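Encoded as structure tokens, the structure appears first; notes follow it.
Numbering (full-length UniProt numbering), first residue to last: 1 to 189.
Set out below in structure tokens:
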């Protein structure tokens with residue numbers, strides 16, 4: 001048979017009458033946790049903003065810079081500027097008159113890509129000592145432009161650019177809109 005402890009059966013103790021059982025309140029901890037998380041998000045947001053603007057404005061990634069006669073790469077093209085010279089006429093379109101004076105940029109381009117492509121003469125610009133940029137006039141029937149260049153092949157030709165008389169040209173810039181890369185800069189000094 002089962003024996004009972006002395007003093008009778010034991011039951012869990014009940015709180016005295018008139019007093020509700022005590023409970024731990026969780027809401028202060030919940031509020032403290034949410035407030036702490038919000039403060040952390042605010043601090044991280046301020047820190048990220050400061051880090052973003054501390055370095056100055058975000059600039060386009062700069063491309064390669066080479067000297068005259070050195071090959072440089074922009075997109076799928078390996079470009080070598082072999083000469084930059086003043087010209088009385090615009091390449092193969094001698095009837096065209098310059099607003100200022102014509103400058104011919106002699107280049108060799110090689111297609112280093114995997115597919116045939118057309119090299120666009122409007123990708124070539126001249127930059128003067130004041131930072132002004134002058135774009136190709138896109139005239140002439142040079143074999144460099146308008147024809148497919150197969151992978152591994154190279155073609156030479158010239159680009160005509162109309163610049164103000166007396167402009168001091170310091171660089172040739174070659175861009176490739178299809179690659180999204182920074183431009184190739186050919187220093188003339």
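Heads up, the beta-carbon is just placed ideally off N, CA and C, and yes, glycines get one too. These numbers were taken from a predicted model, which means no experiment stands behind them.
Exercise. Closest by CA to residue 214, which one among 161, 176 and 170?
Worked result: The structure shown has nothing for residue 214, since the chain only spans 1 to 189.
Exercise. If you run the structure through DSSP and keep just helix, strand and coil, what is residue 123?
Worked result: By 1-based counting over the chain shown, the position of residue 123 is 123. Helix, per DSSP.
Exercise. In its own chain, which residues sit with a C-beta less than 6 Å from the C-beta of residue 185, not counting the 5 before and 5 after it?
Worked result: Here the question's residue 185 lines up with position 185 in the chain shown. Once the five neighbours on either side are set aside, the close Cβ partners of residue 185 are 65, 171 and 173.
Problem set entry | CB contact flag (residue 78, residue 110, <8 Å) | If you number the chain shown from 1, residue 78 lands on position 78. If you number the chain shown from 1, residue 110 lands on position 110. For residue 78 and residue 110, yes; Cβs fall inside 8 Å.
Exercise. Between which two residues does the beta strand (DSSP E) carrying residue 187 extend?
Worked result: Locating residue 187 in the chain shown gives position 187, counting from the first residue. Residues 184-187.
Problem set entry | Alpha-carbon spacing of residue 203 relative to residue 74, whole angstroms | Beyond the ends of the chain as shown, which are 1 and 189, falls residue 203; an answer cannot be given.
Exercise. Closest to residue 114 by CA distance: which of 106, 122, 148 and 188 is it?
Worked result: Stepping through the chain shown from its first residue, residue 114 is reached at position 114. Checked all of 106, 122, 148 and 188; the closest Cα to residue 114 is 148.
Exercise. So the beta strand (DSSP E) residue 71 belongs to, where does it begin and stop?
Worked result: Taking the chain shown and counting its residues from 1, one reaches residue 71 at position 71. Run containing residue 71: 71-74, per the beta strand (DSSP E) assignment.
Exercise. So, is residue 176 buried or exposed, given that buried needs 16 or more other C-beta atoms within 10 angstroms?
Worked result: Walking along the chain shown from the start, residue 176 turns up at place 176. By the neighbour-count definition (other C-beta atoms within 10 Å, threshold 16), residue 176 is a buried residue.
Exercise. Got a sec? Which residues, its chain only, sit under 8 Å from residue 58 by beta carbon, not counting five neighbours each side?
Worked result: Residue 58 sits at position 58 when you count from the first residue of the chain shown. With a pLDDT of only 36 at residue 58, under 50, the local geometry of the prediction cannot be trusted, and the value read off the model is given with reservation. Sequence-distant Cβ neighbours of residue 58 in its own chain, meaning closer than 8 Å and more than five residues away, do not exist here.
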